[in-house]
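Protein chains in written order, with this note's numbering: chain A, 1 to 261; chain B, 262 to 388. Heads up, the beta-carbon is just placed ideally off N, CA and C, and yes, glycines get one too.
Listed below in structure tokens is the structure:
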């Protein structure tokens, strides 16, 4: 049996059984947060200030609604997991930066699981045969979660092996593999020109309406990749980032990867 | 439903509850077995139901606190003694995607601390 995450334990202790039960202000109040403020913040996206058992969370009023919601959950994560600590991670920080970064990742995971609890999302995901953007949109609607956050959670929970990759025109792509997909499998920095993602990044193509098969070497620079095909469905994730759900439809490809392909 | 009928139903309910409370473990187990039920599974299901009810009650209590707070209105800021507010051992602070803080950020952080201290003072006084 899968071990529940901290956020899932919290939600279950509050009797949350469906998306509609996730009432963030009430959950925050239960944790001792006395106010959630939308205000101008110059130095950060969101912050939590706490003293003893009470705290105030502030989020940048100029951010979009879904990001504000995620930020509130991220700060709730710090409040729940790292109470009594001071964590302020700036890009120029050195020394404790790795520790702060690890705690930031914990807060991100807490936020994702609070917004899209795996024990609820998994039930919903199993009702769909394939993982597509349409499925992501149908599942995310009652949670008021973003398409990217939902796609990440679904890649982790959907029974079919998949990966979500994020590409930009300026930095190396990064990816989150689902279960059964080797962590060593990285998306190549020079995406194949026949990928929809490439055309979104450099030719202004719109979101890809349906997943389509494509040669695996368009995404993965590995010897032997030309023997396999994957599926691609790309969509705009904001801030010039293109997200791609890569489906591994050929089990032989994953076997080959596991064998050190 | 008449008062007489209501009274009879209540008496019947009381009798059933007494019967369950007075029954020995062996009697309860044999009754469950007669009905074709697994005692372990029934106990687990009852545990799940109790946990769910407790969770809903916690959520309801938090919602009611939140509503009371909203009725009380926004807390007015009052200056608090520095010693009262800034006790580093009791502070929590975290910021997401942080860069350099502006003066306005620092001021609003201090206001938050004052508001929390004031809230705690009020809660203490209410107790």
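#### Entry: Where residue 120 of chain A meets chain B, residues with beta-carbon distance less than 7 angstroms
Going along chain B, no residue has its Cβ under 7 angstroms from residue 120 of chain A, so there is no contact; the nearest lies around 14 angstroms.
### Message
Strictly by DSSP, which residues pair up with residue 172 of chain A?
### Response
Looking at the DSSP assignment, residue 172 of chain A forms no beta bridge with any residue, so it has no partner.
### Task
Can you pull the chain A residues whose beta carbon is under 9 angstroms from the beta carbon of residue 332 of chain B, in chain order?
For residue 332 of chain B, there are no neighbours in chain A by C-beta distance under 9 angstroms, as the nearest C-beta there is about 14 angstroms away.
#### Entry: Closer than 8 angstroms to chain B by CB, residue 201 of chain A
Taking Cβ atoms only, chain B never reaches closer than 8 angstroms to residue 201 of chain A, which makes this a no.
### Query
Does the beta carbon of residue 127 of chain A fall short of 7 angstroms from some heavy atom of the ligand HEM?
The ligand HEM is absent from the structure shown, which contains no ligands of any kind.
### Task
Could you spell out where the alpha helix (DSSP H) holding residue 243 of chain A opens and where it closes?
Taken as a continuous stretch (DSSP letters only), residue 243 of chain A belongs to no alpha helix (DSSP H), being part of the beta strand (DSSP E) at 241 to 247.
### Task
Within the same chain, show all residues whose beta-carbon is closer than 7 angstroms to that of residue 116 of chain A, passing over the 5 residues directly before and after it, in chain order.
Excluding sequence neighbours, residue 116 of chain A sits near 143, 145, 149, 150, 153.
### CB-CB length for residue 231 of chain A against residue 211 of chain A, believed under 8 angstroms
Residue 231 of chain A to residue 211 of chain A, Cβ: 4 angstroms. Contact.
### Query
Using the rule of at least 16 other Cβ atoms within 10 Å of the residue's Cβ for burial, across every protein chain shown, is residue 57 of chain A buried or exposed?
Buried is the call here.
### Message
Please classify residue 3 of chain A as buried or exposed, where buried requires at least 16 neighbouring CB atoms within 10 angstroms.
### Response
So residue 3 of chain A ends up on the exposed side.
### Message
Between which residues of its own chain and residue 40 of chain A is the CB-CB distance below 8 angstroms, once the five residues before and five after are set aside?
### Response
Non-local beta-carbon contacts of residue 40 of chain A in its own chain, meaning distances under 8 angstroms to residues more than five positions away in sequence, involve 60, 61, 62 in chain order.
### Query
Below 8 angstroms between beta carbons: does that hold for residue 70 of chain A and residue 147 of chain A?
No, the Cβ-Cβ distance between residue 70 of chain A and residue 147 of chain A is not below 8 angstroms.
### Query
Which residues in the same chain as residue 128 of chain A place their Cβ atom closer than 6 angstroms to its Cβ, once the five residues preceding and following it in sequence are excluded?
Around residue 128 of chain A: 135.
### Query
Is residue 202 of chain A helix, strand or coil when you go by DSSP?
Helix, per DSSP.
### Query
Is the shortest distance between the beta-carbon of residue 317 of chain B and the beta-carbons of chain A less than 8 angstroms?
Output row for residue 317 of chain B: interface = yes.
### Query
Between residue 74 of chain A and residue 111 of chain A, which are expected to be in contact by the criterion C-beta below 8 angstroms, what is the C-beta distance as a whole number of angstroms?
At roughly 4 angstroms, the Cβ-Cβ gap stays under 8 angstroms, so residue 74 of chain A and residue 111 of chain A are in contact.
### Message
Could you compute how far the alpha carbon of residue 313 of chain B sits from the alpha carbon of residue 193 of chain A?
### Response
If you take the alpha carbons of residue 313 of chain B and residue 193 of chain A, they lie about 53 angstroms apart.
### Message
Per DSSP, what are the beta-bridge partners of residue 270 of chain B in this structure?
### Response
Note: residue 270 of chain B sits in no beta bridge, so no partner.
### Message
Need the endpoints of the beta strand (DSSP E) that residue 38 of chain A sits in, please.
### Response
Here the beta strand (DSSP E) through residue 38 of chain A covers 33 to 39.
### Query
Quick one: which chain B residues come within Cβ less than 9 angstroms of residue 88 of chain A?
By Cβ distance, chain B contributes 354, 355, 356, 359, 362.
### Query
Hey, is residue 79 of chain A's beta-carbon within less than 8 angstroms of any beta-carbon in chain B?
Yes, because at least one Cβ of chain B sits closer than 8 angstroms to the Cβ of residue 79 of chain A.
### Task
Just tell me which of A:179, A:233, A:168 has its CA closest to the CA of residue 202 of chain A.
Closest by alpha carbon: A:168.
### Query
Quick one: what's residue 164 of chain A bridged to in DSSP?
Looking at the DSSP assignment, residue 164 of chain A forms a beta bridge with A:176, A:245.
### Task
Jot down the residue ranges of each uninterrupted beta strand (DSSP E) in the segment 62 to 139 of chain A, minimum 3 residues, whole runs only, in chain order.
Runs found: 86 to 90.
### Query
So, using beta-carbon positions, are residue 6 of chain A and residue 80 of chain A closer together than 8 angstroms?
Here residue 6 of chain A is near residue 80 of chain A, since their CB atoms are less than 8 angstroms apart.
### Query
Is the segment 319 to 333 of chain B touching the segment 19 to 33 of chain A, taking contact as three or more C-beta pairs under 8 angstroms?
Under the 8 angstroms Cβ criterion, the segment 319 to 333 of chain B counts as touching the segment 19 to 33 of chain A, having at least three qualifying pairs.
### Task
Closer than 7 angstroms by beta-carbon distance: list the chain A residues that pair up with residue 378 of chain B, in chain order.
Ordered by position in chain A, the residues that pass the 7 angstroms Cβ test against residue 378 of chain B are 51.
### Message
Please tell me whether residue 374 of chain B and residue 86 of chain A are closer than 8 angstroms, where the distance is taken between their beta carbons.
### Response
No, the pair does not count as a contact, with Cβ atoms beyond the cut-off.
### Query
Which residue comes first and which comes last in the alpha helix (DSSP H) that contains residue 363 of chain B?
Looking at the DSSP string, residue 363 of chain B is not in any alpha helix (DSSP H), and its letter there is neither H nor E.
### Task
Consider the Cβ of residue 311 of chain B: report whether some Cβ of chain A lies at a distance smaller than 8 angstroms.
It does not: the Cβ of residue 311 of chain B has no partner Cβ on chain A nearer than 8 angstroms.
#### Entry: Identity of the residue in A:34, A:180, A:239, A:204 nearest residue 329 of chain B by Cα
Closest option to residue 329 of chain B, Cα to Cα, is A:34.
### Query
Is there a Cβ from chain B that is less than 8 angstroms from the Cβ of residue 153 of chain A?
Chain B, which has no Cβ nearer than 8 angstroms to the Cβ of residue 153 of chain A, makes this no.
### Message
Given this structure, state the Cα-to-Cα distance separating residue 198 of chain A from residue 243 of chain A, to the nearest angstrom.
### Response
Roughly 11 angstroms separates the two Cα atoms.
### Task
Tell me, to the nearest whole angstrom, how far the beta carbon of residue 181 of chain A is from that of residue 219 of chain A; I am working on the premise that it is less than 8 angstroms.
A Cβ-Cβ separation of about 12 angstroms leaves residue 181 of chain A out of contact with residue 219 of chain A under the 8 angstroms criterion.
### Task
With 9 angstroms as the limit, tell me which residues of the segment 264 to 286 of chain B have their beta carbon closer than that to any beta carbon of chain A; keep them in chain order.
From the segment 264 to 286 of chain B, no residue has a Cβ closer than 9 angstroms to chain A.
### Contact list for the segment 33 to 47 of chain A against chain B, Cβ threshold 9 angstroms
Taken in chain order, the members of the segment 33 to 47 of chain A whose beta-carbon sits within less than 9 angstroms of a beta-carbon on chain B are 34, 35, 37, 39, 40, 41, 42, 43, 44, 45, 46, 47.
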